[in-house]
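A.B. asks: Attaching a single structure in structure tokens format; questions to follow.
Chains as they are written, first to last, in this note's numbering: chain A, 996 to 1459; chain B, 996 to 1459.
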């Protein structure tokens, strides 16, 4: 099953790693392909080999071997990222961290924990549940916490709990020279030196391989109340969200789901949600606090013509409701046979521009006959457009690409960012300079200072 | 009044800057001395000249001149930092940013603003007040927002609102090569590239000169309730704070003030606070929410033997109360004539270790006959020890230094940091390697990649 490897250095690296880790290195085509393609239309680029590691020290050994032979290193968690983060356009060794799945410590009294990079967020939350704690960052997929750190993930709860940027306290990483560096401490704040932790969060494997992360945890709220409510227009949804944020309601989640998504969810999840632009909301706090927040939000929603709220306070009801929201991506995919190749993209704008940005995007989609359901973490000004097309229809592909480019430029022109949470990977590299200007030179100087051979995930993010 | 300058390059740089900015460059001894010494015992080291700048472009011009002549550049805000951040051990040009005091924009609907680096936090809050907004980070001193960004400041509100790390959205900086780089956007979150904003926050002028910052703002809470309550022991204070945090009470401030500070405050601020370890607390929220938080906290405090609460809800009462807390540093200084040379230091530990760390530190102080009042932002596990000594008493100086060193090592051994908010400057450089190990090599690699001549605040933080 072994296939051709790209050059002598790579062959030598594979031999050295195999000597060390035996059959935990695979060059089987199916394994390589599975590690070289995400769920979007980013092109497939399998690595030359995949190695399944068990410890920081094993990662160190693999990195040292790759550094010696100048072979690219591509870290891999569970493969749920969406911007071609883990493809191998220059070949090399994929380091699969999914077997580094140990929860190393839970410090309940400090509300923090330390996990190996392959632990998934659901696995951690199962472990935490009977301690009365939870880890809130929820990008939808059951992603690995190392991968979520590397991509600066966020998701539905970020409006209240922040993103991975705000919740990673410390990182252990293997750098390009094979050194193991522990960044950050268990203190809640520090002014000691440069914030290497934050530099690694979002660096997408281009500065080092993240092998362990220390995370903030939160007490499971005394009360949780979720609700679904529809509005006359998508603009009304956005404006209700904007006002809730401006009023300082400490809302835990506020998700916009457009009509196309509602139709798809109803079909896929067998629900009967009103076919109208809808907000899914959730409040966390004491019983009294949650009731007060929900009342305040209902009053705001009323001003924007909201329909009747469907509230859920029991866990099973809330789970069903949010499962429907999380199924949205699959639900729309299911609706589009023959157009399964998609771009699941996201942008983020200042919240005052959100309604305008969403409405203009919808107009652009309609005008150019592109099917692109919108869903958003609107409390942060962040929304997704899932762009579908038939790859065999060159005209449609071209229209989709144009809509996509205009979406990003629209967000940037409004003071926003080309990606709120999906990251750059290989998919959005052309927009990095557009957003950061000569900031990209600074990023690249850092990259080359820490990885002069450019072996850490080359071709991604700020890597040359 | 002009004094000797250190070398030809410096003389040339001074001449070039004077050509450009005229009498906004000063080499007067009194100006240089005032810019070369902080309020602690960190040694005085005046720059060769001080230049008062008005714009990012002027900073760029000054940096380019200094870069051409390889002359050190030391940024200066209002001079309130405490770790020798703005002394000039290698001479050079001090860039005083205090006249860059324009509030560039306030986006009320997005709850953000953009200011020049010399704007102080009080100036900003005066401007924001009638918009119903405020900027919460409050290190006590009326520091400049550029300086607070550069030192990763925090203070009393950080337990609820985070530190500068969490509240700086964007930065404009002049880098060592004279390039002007805009980092970050107005979006609430982003996964686009390396987090240069967070890299600059806390870099203490060693990576670039921060000239503008974009900040998150918050709605002034509907209700604010502050309280003062004393406890039988400092351990009880800490344990009440720990439990409040673990219960998830969204407390806005929770400040420990030890008996020595209470005595000094009573004398200095003409108050009659009970002479016992005390917590100053504050709650922000709706009227109902604040009442609920205060009740929950009072119940916890009762379990640890708290005395009677003195509550304040009116602004003038709250201001008086917090002014007393903020006067603590001056109050203790006032109490110690002849010992005005002090180290105002801070450490931060995981909250579960806070009581132990404070109690062990008090024992160490008593055992070695060092006067060191303790005050702390205990919700974060962060506390200050103000170490007084008579500099002419070599034995006392030596005892103080030993206590200081043991304090830091104690915090590090507990999983904490050598500084929660004061920073490294020149004062704590020896502890940077102790805390970060080979992480310091990574910091230095970044530093030298961005500033190969080491002209940006040399001798501070991770600078060689």
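In this text, a Cβ means the ideal position worked out from N, Cα and C, and glycines have one as well.
Report the three-state DSSP secondary structure of residue 1347 of chain A (helix, strand or coil).
C.D. replies: Three-state DSSP puts residue 1347 of chain A in a helix.
A.B. asks: Would you say residue 1095 of chain B reaches chain A, if we count a Cβ-Cβ gap shorter than 9 Å as a contact?
C.D. replies: It does not: the Cβ of residue 1095 of chain B has no partner Cβ on chain A nearer than 9 Å.
A.B. asks: Nearest to residue 1219 of chain B by CA position, among B/1317, B/1098, B/1424 and B/1100, is which residue?
C.D. replies: The shortest C-alpha separation from residue 1219 of chain B is found at B/1317.
A.B. asks: Kindly give me the distance between the Cβ atoms of residue 1070 of chain A and residue 1188 of chain A, rounded to whole angstroms, as I take these residues to be in contact under 8 Å.
C.D. replies: About 25 Å separates the two Cβ atoms, so there is no contact after all.
A.B. asks: State the start and end residues of the unbroken alpha helix (DSSP H) segment that holds residue 1405 of chain A.
C.D. replies: It spans 1389-1408 - the alpha helix (DSSP H) in which residue 1405 of chain A sits, taken as one unbroken run.
A.B. asks: Using a threshold of 8 Å, is the CB atom of residue 1306 of chain B nearer than that to any non-hydrogen atom of the ligand NAP?
C.D. replies: In the structure shown, the ligand NAP is absent, as is every other ligand, since no ligand is present at all.
A.B. asks: Smallest Cα separation from residue 1037 of chain A: which of A/1319, A/1420 and A/1453?
C.D. replies: Out of A/1319, A/1420 and A/1453, A/1420 has the C-alpha closest to the C-alpha of residue 1037 of chain A.
A.B. asks: Determine the direct distance from the alpha carbon of residue 1165 of chain A to that of residue 1343 of chain A, and round the result to whole angstroms.
C.D. replies: Between residue 1343 of chain A and residue 1165 of chain A, the C-alpha separation is close to 26 Å.
A.B. asks: Report buried or exposed for residue 1456 of chain B, applying the criterion of at least 16 other Cβ atoms within 10 angstroms of its Cβ.
C.D. replies: So residue 1456 of chain B counts as buried.
A.B. asks: Any idea if residue 1415 of chain A is buried or exposed, counting beta-carbon neighbours within 10 angstroms, 16 or more meaning buried?
C.D. replies: Label assigned to residue 1415 of chain A: buried.
A.B. asks: Report all residues from its chain with a CB closer than 8 Å to the CB of residue 1345 of chain A; omit the five preceding and five following residues, and keep chain order.
C.D. replies: Closer than 8 Å at Cβ, skipping near neighbours: 1376, 1409, 1410 and 1411.
A.B. asks: Starting from residue 1414 of chain B, find everything on chain A with Cβ-Cβ shorter than 8 Å and list it in chain order.
C.D. replies: 1185, 1186 and 1187, listed in chain order.
A.B. asks: Determine the closest residue to residue 1257 of chain B out of B/1370, B/1030 and B/1014, with distance taken between C-alpha atoms.
C.D. replies: When only C-alpha atoms are compared, the closest one is B/1370.
A.B. asks: State the CB to CB distance for the pair residue 1203 of chain A and residue 1062 of chain A, rounded to an integer number of angstroms; the pair is presumed to be in contact (CB under 8 Å).
C.D. replies: Their Cβ separation, rounded to whole angstroms, is 12 Å, which puts residue 1203 of chain A and residue 1062 of chain A out of contact at 8 Å.
A.B. asks: Okay, do the segment 1149-1168 of chain A and the segment 1143-1154 of chain B touch, 3+ Cβ pairs below 8 Å being the bar?
C.D. replies: The segment 1149-1168 of chain A vs the segment 1143-1154 of chain B: no contact.
A.B. asks: Considering Cα atoms alone, identify which of A/1267, A/1248 and A/1262 is closest to residue 1292 of chain A.
C.D. replies: Comparing Cα-Cα distances from residue 1292 of chain A to each of A/1267, A/1248 and A/1262, the minimum goes to A/1248.
A.B. asks: Assign residue 1025 of chain B to one of two classes, buried (16 or more other C-beta atoms within 10 Å of its C-beta) or exposed (fewer than that).
C.D. replies: Flag for residue 1025 of chain B reads exposed.
A.B. asks: Answer with yes or no whether the minimum CB distance from residue 1180 of chain B to chain A is below 9 Å.
C.D. replies: Yes, because at least one Cβ of chain A sits closer than 9 Å to the Cβ of residue 1180 of chain B.
A.B. asks: What three-state label does DSSP hand residue 1270 of chain B in the structure shown?
C.D. replies: Three-state DSSP puts residue 1270 of chain B in coil, outside helix and strand.
A.B. asks: By alpha-carbon positions, which one of A/1171, A/1364 and A/1142 ends up nearest to residue 1186 of chain B?
C.D. replies: The option with the nearest alpha carbon to residue 1186 of chain B is A/1142.
A.B. asks: For residue 1296 of chain B versus residue 1235 of chain B, is the C-beta distance shorter than 9 Å?
C.D. replies: Contact: yes.
A.B. asks: So, is residue 996 of chain A buried or exposed, given that buried needs 16 or more other C-beta atoms within 10 angstroms?
C.D. replies: At residue 996 of chain A, the pLDDT of 32 sits below 50, so the modelled position is not reliable; the number obtained from the coordinates is stated separately. Result: exposed.
A.B. asks: Can you tell me whether DSSP reads residue 1147 of chain B as helix, strand or coil?
C.D. replies: If DSSP states are grouped into helix, strand and coil, residue 1147 of chain B belongs with coil.
A.B. asks: Between the beta-carbon of residue 1378 of chain B and the beta-carbon of residue 1302 of chain B, is there less than 9 Å?
C.D. replies: Against a cut-off of 9 Å, the Cβ pair of residue 1302 of chain B and residue 1378 of chain B comes out as no contact.
A.B. asks: Can you pull out the residues from the segment 1431-1459 of chain A whose beta carbon lies closer than 9 Å to at least one beta carbon of chain B?
C.D. replies: Per Cβ criterion, the list reads 1431, 1432, 1433, 1434, 1435, 1436, 1437, 1438, 1440, 1441, 1442, 1443, 1444, 1445, 1456 and 1457.
A.B. asks: State the Cα-Cα distance for the pair residue 1106 of chain B and residue 1155 of chain A, rounded to the nearest angstrom.
C.D. replies: Their backbone Cα atoms lie some 15 Å apart in a straight line.
A.B. asks: Starting from residue 1198 of chain B, find everything on chain A with Cβ-Cβ shorter than 8 Å and list it in chain order.
C.D. replies: Going along chain A in sequence order, the residues near residue 1198 of chain B (Cβ under 8 Å) are 1189.
A.B. asks: Across the segment 1204-1211 of chain B and the segment 1085-1105 of chain B, are there enough close Cβ pairs to call them in contact, namely three or more that are closer than 8 Å?
C.D. replies: The segment 1204-1211 of chain B is in contact with the segment 1085-1105 of chain B.
A.B. asks: Note down, in chain order, every chain B residue with its Cβ under 8 Å from the Cβ of residue 1160 of chain A.
C.D. replies: In chain order: 1184, 1190 and 1193.
A.B. asks: Between residue 1379 of chain A and chain B, is there a C-beta pair that is closer than 9 Å?
C.D. replies: Cβ-Cβ to chain B under 9 Å: no for residue 1379 of chain A.
A.B. asks: Is the CB of residue 1287 of chain B under 9 Å away from at least one CB in chain A?
C.D. replies: Yes, its Cβ sits closer than 9 Å to a Cβ of chain A.
A.B. asks: For residue 1364 of chain A, does the count of other Cβ atoms within 10 angstroms reach 16, so buried, or fall short, so exposed?
C.D. replies: It counts as exposed.
A.B. asks: Determine the DSSP secondary structure at residue 1136 of chain B, reduced to helix, strand or coil.
C.D. replies: Looking at residue 1136 of chain B - three-state DSSP - the assignment turns out to be coil, as it is neither helix nor strand.
A.B. asks: Using a beta-carbon distance below 9 Å, is residue 1104 of chain A in contact with chain B?
C.D. replies: Closer than 9 Å to some Cβ of chain B, the Cβ of residue 1104 of chain A qualifies, so yes.
A.B. asks: For a contact meaning CB atoms closer than 9 Å, what does residue 1176 of chain A contact in chain B?
C.D. replies: Ordered by position in chain B, the residues that pass the 9 Å Cβ test against residue 1176 of chain A are 1431, 1432, 1433, 1434, 1436 and 1437.
A.B. asks: So which residues of chain B does residue 1345 of chain A contact, with C-beta pairs closer than 9 Å?
C.D. replies: Ordered by position in chain B, the residues that pass the 9 Å Cβ test against residue 1345 of chain A are 1102, 1104, 1105, 1107, 1180, 1181, 1182 and 1183.
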